[in-house]
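Notes for the one structure printed next.
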Amino acid sequence: MIKLLFIGDVVGQAGLGYLERRLPALVDERRPDFVIVNGENLDITFHRPSPGNCGMTTASLARLLALPVDLVTGGNHSWDGPEATQVLANPRVIRPLNYAAAAPGRGAAIIAKNGARLGVINLVSRSAFSAADTPLPAFEKQLAEWQGQVDLILVDFHGESVTEKQTFGFACAGQVAAVLGTHTHVRTLDTRILPRGTAFVTDVGMTGPADGIQGYRPELFVNYMHLRLPTSDPLVEAGGAVELGAVLVACQDGRAVHIERILE
Ligand SMILES: [Fe+2]
Ligand SMILES: [Fe+2]
197 MIKLLFIGDV
207 VGQAGLGYLE
217 RRLPALVDER
227 RPDFVIVNGE
237 NLDITFHRPS
247 PGNCGMTTAS
257 LARLLALPVD
267 LVTGGNHSWD
277 GPEATQVLAN
287 PRVIRPLNYA
297 AAAPGRGAAI
307 IAKNGARLGV
317 INLVSRSAFS
327 AADTPLPAFE
337 KQLAEWQGQV
347 DLILVDFHGE
357 SVTEKQTFGF
367 ACAGQVAAVL
377 GTHTHVRTLD
387 TRILPRGTAF
397 VTDVGMTGPA
407 DGIQGYRPEL
417 FVNYMHLRLP
427 TSDPLVEAGG
437 AVELGAVLVA
447 CQDGRAVHIE
457 RILE
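All residue numbers for the sequence shown refer to the working numbering, where the first residue is 197 and numbers rise by one.
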């Protein structure tokens, strides 16, 4: 049995601090073989409204990778921030595969541990990132390249639309152990095993402060809804308790046999 712990979009210092306090004990309790974390919102790298204001800094990435974390995935914010190229050069960081090949970073990685070779593929839907390529051909190409090289595969599918994520899940059901949705920062209850052993959830949810919008203070978003013009409000982390977005997937012979949400 191979167990995969996946943690959704970590938001800011609150989310990172929570993982520093909680993840070592959670790993002791649940004993996952692999821990994968989506880190696209680890930092606010630009405090003005902008599509490029999140991403990761090398300092926060170093703190995250000092924890029991095997690999960090991303999404539409993977290329945000002045240190994105440095961040994406780290072999333990991947970014969406279905994007310009010339852009920094890699879209997939194999981690070998505990007698298993886990392939992780990061994809982004065009509803979450309009500049991306369509995800299915990129996925199929990666699958063909990995033939015989991996024992099981996890896909972080970063998307806005529920239908798009569910469709992708069924499109590759039986070909991968897990399709786990990220990006909306909202935890969904639909953990299930799709036909032929693919664990699925529409959105793992964020690991970040709960009293705001997607982990951020609401003023910027509300003012933008009023004005429909760029505002000068800064993007600021929300307050409140941190909620954990996490699922644990148990796999046997490359297929998922169980998926459960870890709620705390
Ligand atoms: Fe996110
Ligand atoms: Fe995102």
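Each residue gets a CB set at the ideal place from its N, CA and C atoms; glycine is no exception.
The structure presented is a predicted model; accordingly, all values stated were derived computationally and were not measured.
Task: Nearest neighbour of THR269, chosen from PRO287, ARG259, GLU225 and ALA437 [CA to CA] - done: Here the question's residue 269 lines up with position 73 in the sequence shown. The residue among PRO287, ARG259, GLU225 and ALA437 with its C-alpha nearest the C-alpha of THR269 is PRO287.
Open item on the list: The beta strand (DSSP E) that contains ASN234, what's its start and end?
Closed with: If you number the sequence shown from 1, residue 234 lands on position 38. For ASN234, the enclosing beta strand (DSSP E) has its first and last residue at 230-234.
TODO: Closer than 6 Å by C-beta to GLN282: which residues in its own chain qualify, once you throw out the five before and the five after it? Chain order, please.
DONE: Numbered from its first residue, the sequence shown carries residue 282 at position 86. Result list for GLN282: THR254, in chain order.
Open item on the list: On the CB-based measure, 16 or more other CB atoms within 10 Å of its CB, does MET197 come out buried or exposed?
Closed with: Position 1 of the sequence shown holds residue 197. Exposed, since its Cβ has fewer than 16 Cβ neighbours within 10 Å.
TODO: For the alpha helix (DSSP H) holding VAL316, just list the boundary residues, first then last.
DONE: Locating residue 316 in the sequence shown gives position 120, where the first residue counts as 1. Element bounds for VAL316: not the alpha helix (DSSP H) but the beta strand (DSSP E), 312-320.
Open item on the list: Residues around ligand 1, please: the ones whose beta-carbon is closer than 6 Å to some heavy atom of it, in chain order.
Closed with: ASP205, GLU236, ASN237, GLY271, HIS379 and HIS381
Open item on the list: Contact between the segment 332-343 and the segment 301-320 is defined here as three or more beta-carbon pairs at a separation below 8 Å; is this criterion met?
Closed with: yes
- [ ] Report the three-state DSSP secondary structure of GLY270 (helix, strand or coil).
- [x] Residue numbering aside, residue 270 sits at position 74 when the sequence shown is read from its first letter. GLY270 sits in coil when the DSSP states are folded into three classes, being neither helix nor strand.
Task: Residues that LYS306 bridges to, as DSSP identifies them - done: Position 110 of the sequence shown, counted from the start, is the residue given in the question as residue 306. It should be noted that the sequence gives Ile, not Lys, for residue 306. GLY315, per the DSSP bridge assignment.
TODO: Can you check the segment 375-423 for any alpha helix (DSSP H) of at least 4 residues that lies completely inside it and give the ranges in chain order?
DONE: Here the runs fully enclosed are 415-423.
TODO: Please report how far the alpha carbon of VAL265 lies from the alpha carbon of ALA327, in whole angstroms.
DONE: Counting from one through the sequence shown, the residue named residue 265 turns up at place 69. Counting from one through the sequence shown, the residue named residue 327 turns up at place 131. One C-alpha to the other measures close to 29 Å.
Task: Proximity winner among ARG413, ALA442 and VAL443, relative to ASP429 (alpha-carbon distances) - done: Sequence index remark: in the sequence shown, residue 429 carries index 233 (1-based). Among ARG413, ALA442 and VAL443, the Cα nearest to that of ASP429 belongs to ARG413.
Task: Closest Cα partner of GLY441 within the set ARG217, VAL233, SER321 and GLY370 - done: Taking the sequence shown and counting its residues from 1, the one referred to as residue 441 is at position 245. It is VAL233.
Open item on the list: Using 8 Å as the cut-off, can you tell me whether the segment 396-411 makes contact with the segment 197-210, which would need three or more C-beta pairs spanning the two stretches below that distance?
Closed with: yes
Open item on the list: So for ARG226, helix, strand or coil by DSSP?
Closed with: In the sequence shown, the residue the question calls residue 226 occupies position 30. In the structure shown, ARG226 sits in a helix (DSSP, three-state: H, G or I).
Open item on the list: Taking the beta carbon of GLU225 as the centre, do at least 16 other beta carbons fall within 10 Å, making it buried, or is it exposed?
Closed with: By one-based count along the sequence shown, residue 225 stands at place 29. GLU225 should be labelled exposed.
Task: Chain-order list of residues whose beta-carbon lies under 7 Å from that of ALA305 (same chain, five-residue window excluded) - done: Taking the sequence shown and counting its residues from 1, one reaches residue 305 at position 109. Contacts found: LEU267, ILE290 and VAL316.
Open item on the list: List, from N- to C-terminal side, the alpha helix (DSSP H) runs of 4 residues or more that fit wholly inside the segment 327-362.
Closed with: 331-341
Open item on the list: What I want to know is whether the C-beta of HIS354 ends up closer than 7 Å to one or more non-hydrogen atoms of ligand 2.
Closed with: Numbered from 1 along the sequence shown, position 158 holds the residue referred to as residue 354. Result yes, Cβ under 7 Å from ligand 2.
Open item on the list: So for LEU212, helix, strand or coil by DSSP?
Closed with: Counting from 1 along the sequence shown, the entry for residue 212 is found at position 16. Three-state DSSP puts LEU212 in a helix.
- [ ] Mind checking which residues open and close the beta strand (DSSP E) that includes GLN448?
- [x] Locating residue 448 in the sequence shown gives position 252, where the first residue counts as 1. Element bounds for GLN448: 442-448.
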